Amino acid sequence: MLHYAKIWAASARYSITRTLMFRGDFFVWSLVELFWMSVNILTITIIYEHTHAIAGWTKYQMVLLVGTSMLIQRFLMGFFWSSIFEMGRNIRSGNFDFYLAQPGNVMFMATTRKLDPDSLLNSLVAAAVVIYAARQLGLDPSAVQIALYALMVLCGVVIHYSILVLSISLAFWLTSAQGIEGSYFTLTEFSRLPRAAFTGIATQILFVWLLPVVMVTNVPASLLVQGFDLTLSAWLFGSALVWFAAAIFVFNRGLRRYTSASS
Amino acid sequence: MFAIFNKYRQVFLTGLQSNIVYRFNFAVRGFFSLFHLAAVVILWSAASLGGSGGIGGFSLAQTITYFITLLILQFFISAFNEDYQISEEIRNGLINQFLLKPINYFAYRFSIFVAARLVSGLVVIVPLLFALPVLREYLAFPHDCRVLLFGLPAMAMSAVIQFSIAYCFGLLSFWFLEIQGFVILSMALETLLGGQMFPLDLLPEWAYAIARCLPFYYQMYFPAAIFTGRLTDPTLIFQGYGIQVAWVIALLLVNQVLWSRGLRRHTAVGG
């Protein structure tokens, strides 16, 4: 465990040094993310100028939900995004060999190599949005509730991480995993919606239960707004485990097929 | 005059052929847009239920029709990756060949853009037809063919604005190695002020008045609002045309300046 922590710290150091070398890039990308987050919050504000509730959620409850979605996404982007997408390209080009020669679990090495400090910085903004919304709602969560919220957010990050690793691992079979990036962003649109808004059976099965993108944000947000629900939280925790196990399984199966591509 | 037209007609035809190759990519992109549409329907249906049964004076069907129109327009007139293509050609030195030939780079690129959008626009109709049984109950287009008469010129000018903005960003490659940051930053602005997140008439009056002066409004929202009957007052439409024409001219001028300034910095290496 300590061994992996050391490896991760070395990667983090490398990423931060790299960011310091390209300060302009860091600035532009931080701004890009900040802009996109503002676009989402502004949209909520405008919609609530014309309605009282969305599926029973008031304005600030909705801001809290969107903030939670942002928080999970920033963590995912900050810690894993670049590495996972590079993995897809490396599998195709054969540069993936590099990870096989490294002193650690291949999936760990390949998916934690790069950090994006701009996303990590913006996760503070996302957290601020959640805190602001909670204050506007007059919520006063206990320490246990906050810890449970953090745990549920962590489960959300694990689920998103697993879905991404799983989809990119398809590159072992298909060679190219291009286009997944765009489809992933389409999925995140659903994560900003309250679960009760999914009234159709097909959409409920697909987005709420099969692909838990909706639950990933709804469970932590409801935990703060409506209080702890053991069944839902346990379900999210369980599905994080299942998705993670599936990602490990598919990744390792794919790894067996990897034949490198160098000449 | 005819010779010039013929030259770009050939470019257009070649563009048509090379884009037909990507018909499946466009179709897949179209199918994924249906997911976006699903999210839109879920969100606005819930919002409309929480309000007085409509949004900002328009029914739920009118609101969804607006988003469907936006989706179709997107495939017909919006710039997909033209900025990156231009940037690539500058960075790789591929534009050198155009500097030696009697060809206008803007006109050349625009001809390809028109061909590409014609293909993607026609292809997106396929996934929409698949979704028609579900979408039908949400369709509420105005029964007045004047909307086409007013909407089509606005749509044509929107295409020019869309392309010109992408072209500007592409030309930034004369100065910057990486333009992705700028492009995504402006995409956030376009998404918001072009009316892709919500119809712009839902904005507070003062914000709407500002948005009406910006080019983003004329990139997508203006024709969409005419087509869907959100903008019906002829005075306002003609005012809109005026501002749109002004933006077209301004952007073409900026393009010209960027091109001539950029070329001064450009160094063509190799033969």
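Each protein sequence line maps, in turn, to chains A and B. Just so you know, the first sequence maps onto residues 58 to 320 in the numbering used here. Just so you know, the second sequence maps onto residues -2 to 268 in the numbering used here. For every residue, glycine included, the Cβ atom is placed at its ideal position computed from N, Cα and C. Here the structure is a predicted model, which means the values were calculated and not measured.
Query raised in the report: How about A:L122 and A:T260: do their beta carbons lie closer than 9 Å?
Result: No, the Cβ-Cβ distance between A:L122 and A:T260 is not below 9 Å.
Query raised in the report: For the segment 181 to 196 of chain B, which residues have a CB atom closer than 8 Å to at least one CB atom of chain A, in sequence order?
Result: Of all residues in the segment 181 to 196 of chain B, I181, L182, A185, L186, T188, L189, M194 and F195 have a Cβ within less than 8 Å of some Cβ in chain A.
Report task. Please classify A:F308: does DSSP put it in a helix, a strand, or coil? Result -> Here A:F308 sits in helix by DSSP.
Query raised in the report: Given B:I234, which residues of its chain have a CB within under 7 Å of its CB, disregarding the five upstream and five downstream residues?
Result: Counting only Cβ-Cβ distances below 7 Å, and skipping sequence neighbours, we find F147, I223 and L228.
Query raised in the report: Where does A:R314 land, buried or exposed, given buried means 16+ other C-beta within 10 angstroms?
Result: Per the 10 Å Cβ criterion, exposed.
Report task. Quick one: residues in its chain with C-beta nearer than 7 Å to the C-beta of A:S320, no 5 flanking neighbours on either side, listed in chain order? Result -> With a pLDDT of only 47 at A:S320, under 50, the local geometry of the prediction cannot be trusted, and no value is derived from it.
Query raised in the report: Tell me which same chain residues have a C-beta within less than 8 Å of the C-beta of A:R146, skipping the five on either side of it?
Result: The residues are N152.
Query raised in the report: What residues of chain B sit near A:L194, judged by a beta carbon separation below 8 Å?
Result: Scanning chain B for C-beta atoms nearer than 8 Å to the C-beta of A:L194 yields nothing, as the closest lies near 17 Å away.
Query raised in the report: Mind pulling the chain A residues with CB within less than 7 Å of B:H33?
Result: The contacting residues are T243 and E246.
Query raised in the report: What does DSSP give as the partner residues of B:S56 in its beta bridges?
Result: When beta bridges are read from the DSSP output, B:S56 appears opposite B:G51.
Query raised in the report: Excluding five sequence neighbours on each side, which residues of the same chain lie with their C-beta closer than 8 Å to the C-beta of B:F95?
Result: The residues are Y102 and Y105.
**Report entry** Coil, strand or helix - B:I100 by DSSP
**Finding:** DSSP places B:I100 in coil when its eight states are reduced to three.
**Report entry** Limits of the unbroken alpha helix (DSSP H) element including A:P277
**Finding:** A:P277 -> alpha helix (DSSP H) spans V270 to V282.
Requested in this report: Step through the CB atoms of chain A and report whether any lies within less than 9 Å of the CB of B:S42.
Outcome: Yes, contact with chain A.
Report task. Pull up the CB-CB distance for A:I225 and A:M144, whole angstroms please, since I reckon it's below 8 Å. Result -> Yes, A:I225 and A:M144 are in contact; Cβ-Cβ is about 6 Å, under 8 Å.
Query raised in the report: What separation, rounded to the nearest whole angstrom, lies between the Cα atoms of B:L31 and A:H217?
Result: About 22 Å.
Report task. Would you be able to state if there are at least three C-beta pairs under 8 Å between the segment 114 to 128 of chain B and the segment 62 to 76 of chain B? Result -> Remark: three or more beta-carbon pairs, one from each stretch, lie closer than 8 Å, so the segment 62 to 76 of chain B and the segment 114 to 128 of chain B are flagged as touching.
Query raised in the report: Can the beta-carbon of B:M217 be found less than 9 Å from the beta-carbon of B:Q159?
Result: Pairing B:M217 with B:Q159 gives a Cβ-Cβ distance under 9 Å.
Requested in this report: Could you tell me whether the Cβ atoms of B:E202 and B:Q193 are closer together than 9 Å?
Outcome: The answer is no: Cβ separation not under 9 Å.
Query - Cβ-based contacts, 7 Å cut-off: residues of the segment 215 to 227 of chain A near chain B - result: None of the residues of the segment 215 to 227 of chain A has a beta carbon lying less than 7 Å from any beta carbon of chain B.
Query - Exposed unless 16 or more other CB atoms sit within 10 angstroms - verdict on A:H60 - result: Residue environment for A:H60: exposed (fewer than 16 other C-beta atoms within 10 angstroms of its C-beta).
Query - Distance between B:E85 and B:T115 (C-alpha atoms, nearest Å) - result: At residue 115 of chain B the sequence reads Leu, which differs from the Thr that was named. The alpha-carbon of B:L115 is positioned some 23 Å away from that of B:E85.
Query raised in the report: Do the segment 93 to 111 of chain A and the segment 239 to 247 of chain A touch if we need at least three Cβ pairs shorter than 8 Å?
Result: No, because fewer than three Cβ pairs between the segment 93 to 111 of chain A and the segment 239 to 247 of chain A fall closer than 8 Å, the two stretches do not touch.
Query raised in the report: Cα separation between A:L88 and B:L182?
Result: Rounded to the nearest angstrom, the two C-alpha atoms are 8 Å apart.
Requested in this report: Taking B:E175 as part of the alpha helix (DSSP H), name the residues at either end of that continuous run.
Outcome: Per DSSP, B:E175 lies in no alpha helix (DSSP H) segment and is marked neither H nor E.
**Report entry** Distance between A:S279 and A:Y117 (C-alpha atoms, nearest Å)
**Finding:** Looking at the two C-alpha atoms, the distance is approximately 12 Å.
Requested in this report: For A:P277, I'd like the list of residues in its chain whose CB is within less than 6 Å of its CB, leaving aside the five on either flank, ordered along the chain.
Outcome: Answer for A:P277: T125, Y206, M209 and V210, listed in chain order.
Requested in this report: Could you name the residues of chain B that A:E143 contacts, counting a contact when the two beta carbons are closer than 7 Å?
Outcome: Within 7 Å Cβ-Cβ: nothing; A:E143 doesn't reach chain B, min ~16 Å.
Report task. Flag this pair as touching only if the segment 61 to 69 of chain A and the segment 156 to 174 of chain A have three or more C-beta atom pairs under 8 Å; answer yes or no. Result -> Counting Cβ pairs under 8 Å, three or more are found: they touch.
Query raised in the report: Per the contact definition of three or more C-beta pairs closer than 8 Å, is the segment 302 to 311 of chain A in contact with the segment 154 to 161 of chain A?
Result: No contact exists between the segment 154 to 161 of chain A and the segment 302 to 311 of chain A.
**Report entry** Counted within 10 angstroms of its Cβ, other Cβ atoms place B:L129 as buried (16 or more) or exposed
**Finding:** By the Cβ neighbour-count rule, B:L129 is exposed, with fewer than 16 other Cβ atoms within 10 Å of its own.
Query raised in the report: Could you give the residue range of the alpha helix (DSSP H) that holds A:M119?
Result: Here the alpha helix (DSSP H) through A:M119 covers K116 to L133.
**Report entry** Own chain residues within Cβ distance below 6 Å of A:G113, not counting five before or after
**Finding:** Counting only Cβ-Cβ distances below 6 Å, and skipping sequence neighbours, we find A253.
Query raised in the report: How big is the Cα-Cα spacing for B:A0 and B:A185?
Result: Rounded to whole angstroms, B:A0 to B:A185 spans 41 Å at the Cα level.
Query raised in the report: Does B:L199 come within less than 9 Å of chain A when only Cβ atoms are used?
Result: Interface residue, yes.
Requested in this report: Flag B:I83 as yes when its Cβ comes closer than 8 Å to any non-hydrogen atom of the ligand SAH, and as no otherwise.
Outcome: Absence of the ligand SAH is noted for the structure shown, with no ligands found whatsoever.
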